[in-house]
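Trainee:
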Amino acid sequence: MGRWYKPLVMLMALLAPSGAWAQPAPEPWMEGRPVLVGTITHNPPYVFENPSAGIDLDLVTEAFAHVGLEVEFVHAPLSRVQVLLATGKVDAMTTFRTIEDLCVNSIPFSYWHDGISVPVESEAPISSIEDLKGMRVGMFPGAVKVLKYLTPEDVMTFGSSMIVYDREQLVRVLLYRRLDAYIGDYWALEYAYQQLASDQPRPYKVAVRFAPTPRQLCVRDEALVKRFNEGVATMLAGDAPARVRARYLQDGEP
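With the first letter of the sequence shown counted as 1, position 228 gets the number 307 in my numbering; the numbers rise by one all the way through.
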């Protein structure tokens with residue numbers, strides 16, 4: 080053992096991780112190139128022909144434009160967006176929560192408008208998630224992670240639950256009364272109805288409106304988040320929010 084010990088230790092030292100072999104720190108954003116923003120696969124109101132469109136992303140683009148910057152969106156499932164930021168694949172990510180030690184949150188640039196929608200003829204007394212016990216309930220992917228009002232224990236009380244992945248499916252299950260309630264963004268629901276079934280009577284009504292969920296950018300570079308905040312403030316003081324909403328909500332806010 081003695082004659083092999085020293086070479087073995089030397090070999091282990093060579094193979095062990097060290098500063099020289101560690102993963103390099105992500106490069107900071109550099110002036111002169113587009114800001115790369117990580118975001119979920121589709122954002123409300125779910126414009127499937129162009130995933131980089133929609134109220135949220137149009138507003139991000141507008142805000143950066145106000146400070147002379149271009150933006151490119153990198154899409155990933157909800158569970159992977161943070162990985163894009165942590166590994167330096169993007170400069171910022173859209174978020175609805177604070178992520179300590181990874182990035183700095185911007186001021187809110189938009190809000191998700193989630194609630195409970197029910198068939199238009201429903202007379203069920205629904206004022207909260209608790210009132211959905213025993214019902215057939217649909218919800219958007221990741222709803223339990225996003226909504227503080229919805230827990231896994233709540234879902235277990237439903238008669239059945241369905242994850243609704245796209246707007247065609249959402250409109251179809253509402254038209255054919257396959258659900259007793261849908262938990263999700265009612266602005267997105269209205270856009271889907273206008274695009275796919277406006278020739279038919281509106282099959283739903285909004286029974287409960289949750290407090291809007293603020294949307295922010297979480298940005299690795301503090302100087303960049305300051306630039307974005309300046310752009311958001313200028314944008315919100317003008318007509319951009321109303322102009323962007325009008326692209327997707329033809330009859331105004333539901």
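Beta carbons: idealized from backbone N, C-alpha and C, even for Gly.
Could you give the distance in angstroms between the alpha-carbon of valine 225 and the alpha-carbon of glycine 147?
Mentor: In the sequence shown, residue 225 corresponds to position 146, counting from 1. In the sequence shown, residue 147 corresponds to position 68, counting from 1. Using only the alpha carbons, I get a separation of about 32 angstroms.
Trainee: Alpha carbons only, please: which of Arg256, Gln273 and Arg322 is nearest the one belonging to serine 201?
Mentor: In the sequence shown, residue 201 corresponds to position 122, counting from 1. For serine 201, the nearest C-alpha among the options comes from Arg256.
Trainee: Would a C-beta distance cut-off of 8 angstroms place arginine 294 and aspartate 135 closer than the cut-off?
Mentor: To locate residue 294, count along the sequence shown from 1; it is residue 215. To locate residue 135, count along the sequence shown from 1; it is residue 56. Going by C-beta atoms, arginine 294 is nearer than 8 angstroms to aspartate 135.
Trainee: For proline 320 and glycine 194, I'd like the C-alpha separation in whole angstroms.
Mentor: Locating residue 320 in the sequence shown gives position 241, counting from the first residue. Locating residue 194 in the sequence shown gives position 115, counting from the first residue. For proline 320 and glycine 194, the distance between alpha carbons rounds to 21 angstroms.
Trainee: Once DSSP output is grouped into helix, strand and coil, what is the label at glutamate 179?
Mentor: In the sequence shown, the residue the question calls residue 179 occupies position 100. Note: glutamate 179 maps to coil in three-state DSSP.
Trainee: List the whole-angstrom C-beta distance separating alanine 142 from glycine 317, where the pair is believed to meet the contact cut-off of C-beta under 8 angstroms.
Mentor: Here residue 142 refers to the residue found at position 63 when the sequence shown is read from its first residue. Here residue 317 refers to the residue found at position 238 when the sequence shown is read from its first residue. Actually they are not in contact, since the Cβ atoms of alanine 142 and glycine 317 sit about 11 angstroms apart, beyond 8 angstroms.
Trainee: Label arginine 336 either buried or exposed according to how many other C-beta atoms from any shown protein chain fall within 10 Å of its C-beta, with 16 as the threshold for buried.
Mentor: Given that the chain is displayed from residue 80 to residue 333, the structure contains no residue 336 and the question cannot be resolved.
Trainee: Buried or exposed, going by whether 16 or more other CB atoms sit within 10 Å of the CB of glycine 221?
Mentor: If you number the sequence shown from 1, residue 221 lands on position 142. Exposed, because fewer than 16 other Cβ atoms sit within 10 Å of the Cβ of glycine 221.
Trainee: At 4 residues or longer, and completely inside the segment 227-304: list those alpha helix (DSSP H) runs for me, N to C.
Mentor: 231-236, 246-254 and 265-275
Trainee: Give me whichever residues DSSP pairs with threonine 174 in a beta bridge.
Mentor: Residue numbering aside, residue 174 sits at position 95 when the sequence shown is read from its first letter. Answer is Gln295.
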